[in-house]
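So in my numbering, spot 323 of the sequence shown is number 307, and the numbers just go up one at a time. Virtual Cβ for every residue (Gly too), placed ideally from N, Cα, C.
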Amino acid sequence: MEIDGRDFLNTPPMKTVRFGGSVAETLEKHKRGDSSDYELLRHQLADPEIKDAQIINWLQEFRSCVTQLTKDHEQLIYIILRLPWVGRSQAVVEEYMAFLGNLVSAQTVYLCSCLKMVVSLFTPKRVTICEGGVDFSDSDDEDENLPRNFDQCHEALQIIIRYVPSTSRFLMPILQDNFPFVQKSSRTLECYVHNLLRVTVYVPSIRRDVLEVIIGKLLKLDVSASRTDIEEAEETAAQNQRAEEQPEEGLFDMDEDVSADQPSRTDVMAHPVAERLDTLMAVLMAYIRDVCHVNGSFHVERTKELYKDLLNVFDKLILPTHASSHVQYTMFYLCSFKLALAEAYLDHLWKILQNPSQPAVLRQAAAGYLGSFLARAKFIPVLTVRACLDLLISWIHCYIDSQDNSGKQVCCDISLHGPFYAACQAVFYTLVFRHRAMLEASMKKGLEYMQSLNLERIVMCQLNPLKVCLSSVTSMFAAITRKYQVVFCYTIIERNNRNALPVVRSSGGGDGVTTNTNPLDSFFPFDPYLLRKSGHLIEPLYQVWDELADMELLPTKTGQQGSKEDEDDFLCGDTPKTEGILGMTPSSYDSNICSPSSVGSPPIARHRPF
-15 MEIDGRDFLN TPPMKTVRFG GSVAETLEKH KRGDSSDYEL LRHQLADPEI KDAQIINWLQ
45 EFRSCVTQLT KDHEQLIYII LRLPWVGRSQ AVVEEYMAFL GNLVSAQTVY LCSCLKMVVS
105 LFTPKRVTIC EGGVDFSDSD DEDENLPRNF DQCHEALQII IRYVPSTSRF LMPILQDNFP
165 FVQKSSRTLE CYVHNLLRVT VYVPSIRRDV LEVIIGKLLK LDVSASRTDI EEAEETAAQN
225 QRAEEQPEEG LFDMDEDVSA DQPSRTDVMA HPVAERLDTL MAVLMAYIRD VCHVNGSFHV
285 ERTKELYKDL LNVFDKLILP THASSHVQYT MFYLCSFKLA LAEAYLDHLW KILQNPSQPA
345 VLRQAAAGYL GSFLARAKFI PVLTVRACLD LLISWIHCYI DSQDNSGKQV CCDISLHGPF
405 YAACQAVFYT LVFRHRAMLE ASMKKGLEYM QSLNLERIVM CQLNPLKVCL SSVTSMFAAI
465 TRKYQVVFCY TIIERNNRNA LPVVRSSGGG DGVTTNTNPL DSFFPFDPYL LRKSGHLIEP
525 LYQVWDELAD MELLPTKTGQ QGSKEDEDDF LCGDTPKTEG ILGMTPSSYD SNICSPSSVG
585 SPPIARHRPF
């Protein structure tokens, strides 16, 4: 390595211009009360124009007297920790890392300071940009040396861990506290999340905590960018693009057909929050893929451990979060690697649903995940779908039996029977999406199976699930079951329509009211994935709604709803506003991430091992 024409690895350090005595002498004089050289030393170290040779010279002297750098020299150490060592010559980087190792081993009081310094370098450095005479501070996203700089940071962190094995206990709070504000640029967030995940490779003991921090931040982005907002932003951007590309009338007519056949599609989201979320989801999914595969081959043990960590975070954060649209796809993607993963996930959701000790709101959410996962995951075979339907149907019939035998008058009440209605909706939704696959192999056996479910008893019971479930689901379910003469629902649906549910007062207080015809809300967590970059991984795994095949089953007026192109609009026009509606998850939450009865997190359900 040559600097200024000299080989620093094979020759002694060149003499540099400096003032005052050696570091050892300066520290000794400072101890006796003479601080003149000490202040001069601090001033020279803080020089923004400090040269590589000077840094190396100073660090070598500090290493030789590291035992003297006690807490009394805290300010001096802080100046050293602010030296711009990353991105310098290899000689400087190696000398600085050696100093860090010596410092934390001899003076553990500085461990957290060293960790904070390294973690602060996990994002691009700040630069000042002048626009319109006003200075803005922003990240230097175009620094081509970022990968090398990040490599040096992780090497330094590993050196510290090697010298102080208990480092992981102090590292996690620092990683959490230094997480950039979610409104920072996509590049800043991407770099930090990437580096956090990279830390878990050599500090696996903190992986679950790191995933919890990252997913918590992703959920904040997810719930702040609603599905409707993202779709409107994309539509507006598409309209603006078409307007810009529209040539003046009568000009360039010969080129119109060519441009129409080659639409320009970009992976950048029009909605700024969705763009940040998309970038981070792509990083997290790439991490999941790389952990579960070694040299392109699936690794069972590593995948099991990651599944356990992600499932823990799912229970703690994702499941109780209402209105998230994309973060839950981390579990969807992971489960696509192996059927055993998908079956374990389904079993976990089932246990939450049928567990009466769980809060009703979480049981309803689990039913929503169960039905949506069965309906949308292409990688789940029909046999598994049928096994899950058998469990759900059996539980539903047992629930009806318990109500019939209770000796009390049974009525349609979402607040009393929420998990029951959620389970019914999960069954209806699954049959809407998967009935064709059930009937493909053998129409006779498929119909026999559907008839064995005794759906007629469910739809005609006094609890009246068709009155509570989402109307688009019940309409399609009614059409399908009528076509195959499994059960006839229209008489009940028409009667329910004549007796609409009463008005429900807004949970936010005041005089606002809204007519609620769908108490279960449209909670289908695996509705179409809208993010583009990360969506490339989800698309081949995802079961879209076959609109042309199924819409013909519906009455004409229903079939006229929504005909947007290139869109899975199964629930189009039937998604109520969540404000003021008694939904599956209360809209009166102070936070989108909390348990139904308190601000704290819900209890973590036990998961079944593989």
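Spanning the alpha carbons of Glu432 and Asn389 requires a straight line of approximately 29 Å.
Take the alpha-carbon of His419 and the one of Gly352: they are about 18 Å apart.
Annotated three-state conformation of Ala227 is helix, per DSSP. Exclusion of the five residues before and after Lys100 leaves Ile158 as the residues of its chain whose Cβ lies within less than 7 Å of its Cβ. One Cα belongs to Gln59, the other to Leu95, and the distance between them is close to 15 Å.
In chain order, Leu65, Leu84, Leu87, Val88 and Ile144 place their CB closer than 8 Å to the CB of Cys98, counting only its own chain and leaving out the 5 sequence neighbours on each side.
Going by beta carbons, Asp193 and Lys517 fall outside the 7 Å limit.
Boundaries of the alpha helix (DSSP H) around Gln28: Ser20 to Leu29.
The Cβ-Cβ distance between Leu437 and Ile377 falls below 7 Å. DSSP, reduced to helix, strand and coil, places Ser281 within a strand of the structure shown.
For Phe46, the uninterrupted alpha helix (DSSP H) run begins and ends at Asp36 to Ser48, by DSSP.
The DSSP-derived three-state label of Thr458 is helix. By the neighbour-count definition (other C-beta atoms within 10 Å, threshold 16), Lys467 is an exposed residue. With distances taken between CA atoms, Met265 lies nearest to Val177 out of Ile61, Val177 and Glu215. For Val194, the uninterrupted alpha helix (DSSP H) run begins and ends at Arg191 to Ser208, by DSSP. Contact between Arg260 and Leu205 holds, with the beta-carbon distance rounding to 6 Å and staying under 8 Å. In the displayed model, Thr465 falls within a helix according to three-state DSSP. By DSSP's assignment, Tyr526 forms a beta bridge with Ala361. Counting along the chain, Gly85 sits inside the alpha helix (DSSP H) bounded by residues Gln74 to Ala90. Taking 8 Å as the upper bound for CB-CB distance, Ile336 and Leu325 are not in contact here, some 17 Å apart. The DSSP-derived three-state label of Phe154 is helix.
Taken atom to atom, the span from the alpha-carbon of Cys137 to that of Val183 is near 10 Å. Annotation: Pro304 to Tyr413 spans about 21 Å, alpha carbon to alpha carbon.
Within the segment 293 to 340, the runs of alpha helix (DSSP H) that reach at least 4 residues and sit entirely inside it are, in chain order, 313 to 319 and 323 to 337. With a 10 Å radius around the Cβ and a threshold of 16 neighbouring Cβ atoms, Pro449 comes out buried.
Counting other Cβ atoms within 10 Å of its Cβ, Ala30 stays below 16 and is therefore classed as exposed. With 16 or more neighbouring CB atoms inside 10 Å of its own CB, Phe508 falls in the buried class. Between the C-alpha atoms of Leu447 and Lys288 there is a straight-line separation of about 41 Å.
Cβ neighbours of Ile364 within its own chain (closer than 6 Å, five residues either side excluded): Ala326.
Judged by their CB atoms, Val166 and Ser308 are not nearer to each other than the 7 Å cut-off.
Val187 is the residue among Val187, Ala227, Val267 and Glu174 whose C-alpha sits nearest the C-alpha of Ser150. Annotated three-state conformation of Pro509 is coil, per DSSP. In chain order, Ala140 and Ile143 place their CB closer than 6 Å to the CB of Met81, counting only its own chain and leaving out the 5 sequence neighbours on each side. A distance below 7 Å separates the beta carbons of Ala209 and Val257. Assignment of Met253 by DSSP, reduced to helix, strand and coil, places it in the coil class.
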